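The structure appears right after this line, and notes come after that.
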Amino acid sequence: MSILNKFAPLRQTYDQLRAVGQNPFEMVFEKMFSPTEGLHKGRRTILLGTNNYLGLTFDQDCIDASVEVLRAQGTGTTGSRIANGSYGGHRQLETDLAAYFKRKHCMVFSTGYQANLGMLSTLAGKGDYLLLDSDSHASIYDGARLGHAEVVRFRHNDPDDLAKRLRRLSSEPGDKLVVVEGIYSMLGDAAPLKEIAAVKREMGAWLMVDEAHSLGVLGAEGRGLTEEAGVEADVDFVVGTFSKSLGSVGGFCVSDLDGFDVLRVGCRPYMFTASLPPSVMTSTITALRRLQQQPELRDRLHANAHRLYNGLKDLGFRVGPQPNPIVSVALDDQLLAVAFWNRLLEGGVYLNLALPPATPSNLPLLRSSVSASHTTEQIDRVVQLFETVGRQMGVLPALPPMRRSKPALAPGYPANAELDRVVAVGAR
Amino acid sequence: MTEHLSDTREQIVEGLRQIAPAAVAVSGNTHIMRDLNLDSLAVMDFMLTLEDRFDIVISLEKVAEVETLDDLVTVVEQLRARKLKS
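These protein sequence lines map, in sequence, to chains A and B.
Going by the working numbering, 423 is the number at position 423 of the first sequence; the sequence numbering is gapless.
Going by the working numbering, 1023 is the number at position 23 of the second sequence; the sequence numbering is gapless.
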């Protein structure tokens, strides 16, 4: 008997994935060339699953500023802000984020996951209610579990369903905190935030929006869905992450709520963890500036997202409900999805494989996240590879040989003939 | 009260039959996830249906208490009774 016996079913799934080919959860890149290219098993591979929306991981200003602070202030803070004190960078980052979001207060966390863990578990206490969209990210569910509030789900992106549940709770005395996401991470669909904000106003609840996938992506100034939907006054708390559009690591919450700072001594995932290293804060501060100075990055991102979304949709793949930088293709069968994913990788494209029950509608997904740094040629190459694999695997109908198109190739990738061979090898 | 309970049970079983073919033959001891081959997400989604059917709120803490059909009937019955009192 082992303490790990309870994981036997999970182990079985894990081993099955290994048997099909590369285990999608054990990917190692030997090298990173750019925000959109890495080296996997000696092959140049397009990165299409890294949430690097603005491509700022290789921004020269971010790197230079970060290196300078790394040399000046060292590699880490070696403890929490409560015990070791804050660095100037912590305060600067919080001031800059509060100013950018036009809010009075900001708290920075060591990861985006911890921002949700901290805010949800602390804001909603015993006798309070958390109302979560049923497709919420794991960090939202885990934050809810860590606290003492009662947790209620409502149907995904359904304001009427939320209203119904809030009405049932109307005679209960506790605070009600509604939590939604700007863009949902699996299908890339945005929340109907205007309608949700109206429900929140009518029913007297609090509202938190997680802009993890929408910061730097939506809104004229990039502040996310809250800005785009014109409901910033209705949203009491915005949480987010630095590990996507801002290209580093960390999380935050901004709010206008008076007395917000008391959370610094009441929020355990903020208090009892090592704070962000100074070099990370500096690159984040610089990236936040970049995000504001270069709105054209957002334009390029959306152009790329539309190109990929429409390219796959026109081929006949089942994509999400709206074109956003997250583009997911749903397949019917898990083994088919694993094999498809492996063939994409063998053809030089890495994206995410998402398997049930972590996916909406219980369907396996091939999940892409587009970057402003992707070239048109890279996007076309991905669409082409999807078509080739899709036809070979019977997901798309086969075409007569004369209609086979030649893809525009980026240097260093397998040519079309070689691509067919690679895919055929993968099929064995 | 007994009649009320059986009404709850009947409606829950009817709902289960719509999402799980294995629910043709169920007893109070039927383990909802294991015996009916439902994953945690399917169970949570089923709770949304029950909430609407009985006009109650089943928090995730309550869902965590449920393993068998009897457990689920008890939870729903308690919440219905609480609603009738309020």
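Even for Gly, the Cβ is constructed at its ideal location relative to N, Cα and C.
None of these values were measured; they are calculated from a predicted model.
Amino acids of chain B, ordered along the chain, whose beta-carbon sits closer than 9 angstroms to that of residue i
| i | result |
| --- | --- |
| residue 150 (chain A) | 1057, 1059, 1060, 1061 and 1062 |
Cutoff 8 angstroms: residue i Cβ touching any chain B Cβ
| i | result |
| --- | --- |
| residue 357 (chain A) | yes |
| residue 169 (chain A) | yes |
| residue 11 (chain A) | no |
| residue 367 (chain A) | no |
| residue 300 (chain A) | no |
| residue 407 (chain A) | For residue 407 (chain A), the pLDDT reaches just 45, beneath the cut-off of 50, and the residue's location in the model is therefore unreliable, although a value from the coordinates is still provided. Chain B contact via Cβ: absent. |
| residue 16 (chain A) | no |
| residue 6 (chain A) | no |
| residue 410 (chain A) | Below a pLDDT of 50, predicted positions are generally treated as unreliable, and residue 410 (chain A), at 41, falls in that range; the measurement from the model is reported next regardless. No, residue 410 (chain A) does not count as interfacial toward chain B. |
Any C-beta of chain A under 8 angstroms from that of residue i
| i | result |
| --- | --- |
| residue 1040 (chain B) | yes |
| residue 1033 (chain B) | no |
| residue 1079 (chain B) | no |
| residue 1086 (chain B) | yes |
| residue 1075 (chain B) | no |
Span of the alpha helix (DSSP H) around residue i
| i | result |
| --- | --- |
| residue 279 (chain A) | 278-293 |
| residue 1072 (chain B) | 1069-1085 |
| residue 244 (chain A) | Looking at the DSSP string, residue 244 (chain A) is not in any alpha helix (DSSP H), and its letter there is neither H nor E. |
| residue 144 (chain A) | 138-146 |
| residue 226 (chain A) | 225-228 |
| residue 1044 (chain B) | 1040-1054 |
| residue 118 (chain A) | 112-123 |
| residue 88 (chain A) | 88-101 |
Partner residues on chain B for residue i, Cβ-Cβ distance less than 7 angstroms
| i | result |
| --- | --- |
| residue 155 (chain A) | 1048 |
| residue 165 (chain A) | 1057 |
Residue i CB to nearest heavy atom of the ligand PLP below 7 angstroms
| i | result |
| --- | --- |
| residue 1056 (chain B) | Among the components modelled here there is no ligand, and therefore nothing to report on the ligand PLP. |
Integer Cβ distance of residue i from residue j, believed to fall under 8 angstroms
| i | j | result |
| --- | --- | --- |
| residue 152 (chain A) | residue 184 (chain A) | That pair is no contact at about 19 angstroms. |
| residue 1056 (chain B) | residue 1085 (chain B) | Wrong, their Cβ atoms sit about 12 angstroms apart, outside the cutoff. |
| residue 62 (chain A) | residue 254 (chain A) | With a Cβ gap of about 21 angstroms, residue 62 (chain A) and residue 254 (chain A) do not count as contacting. |
| residue 122 (chain A) | residue 257 (chain A) | Not a contact, Cβ separation roughly 13 angstroms. |
| residue 200 (chain A) | residue 160 (chain A) | Their Cβ separation, rounded to whole angstroms, is 13 angstroms, which puts residue 200 (chain A) and residue 160 (chain A) out of contact at 8 angstroms. |
| residue 179 (chain A) | residue 162 (chain A) | Contact flag wrong, Cβ pair sits at about 11 angstroms. |
| residue 197 (chain A) | residue 187 (chain A) | The pair is not a contact, with the Cβ atoms about 22 angstroms apart (cut-off 8 angstroms). |
| residue 360 (chain A) | residue 135 (chain A) | 5 angstroms |
Residue span of the beta strand (DSSP E) that contains residue i, given as start and end
| i | result |
| --- | --- |
| residue 367 (chain A) | 365-369 |
| residue 33 (chain A) | 31-34 |
| residue 354 (chain A) | 352-354 |
| residue 255 (chain A) | 251-255 |
| residue 330 (chain A) | 326-330 |
| residue 317 (chain A) | Residue 317 (chain A) -> no beta strand (DSSP E), and no H or E assigned at all. |
| residue 44 (chain A) | 43-47 |
| residue 208 (chain A) | 206-210 |
| residue 14 (chain A) | Counting along the chain, residue 14 (chain A) falls outside any beta strand (DSSP E), though it belongs to the alpha helix (DSSP H) covering 8-20. |
| residue 154 (chain A) | 150-154 |
| residue 62 (chain A) | Looking at the DSSP string, residue 62 (chain A) is not in any beta strand (DSSP E); the run it does join, the alpha helix (DSSP H), is 60-73. |
Best match in the options for proximity to residue i [C-alpha to C-alpha]
| i | options | result |
| --- | --- | --- |
| residue 372 (chain A) | A:144, A:379 and A:53 | A:53 |
| residue 91 (chain A) | A:361, A:102, A:108 and A:82 | A:108 |
| residue 68 (chain A) | A:198, A:3 and A:283 | A:283 |
| residue 103 (chain A) | A:340, A:227, A:338 and A:22 | A:227 |
| residue 77 (chain A) | A:277, A:19 and A:24 | A:277 |
| residue 316 (chain A) | A:154, A:30, A:387 and A:41 | A:387 |
| residue 195 (chain A) | A:157, A:176 and A:33 | A:157 |
| residue 119 (chain A) | A:271, A:172 and A:289 | A:271 |
| residue 169 (chain A) | A:147, A:141, A:203 and A:146 | A:203 |
| residue 133 (chain A) | A:86, A:147 and A:155 | A:155 |
| residue 72 (chain A) | A:60, A:81, A:87 and A:80 | A:87 |
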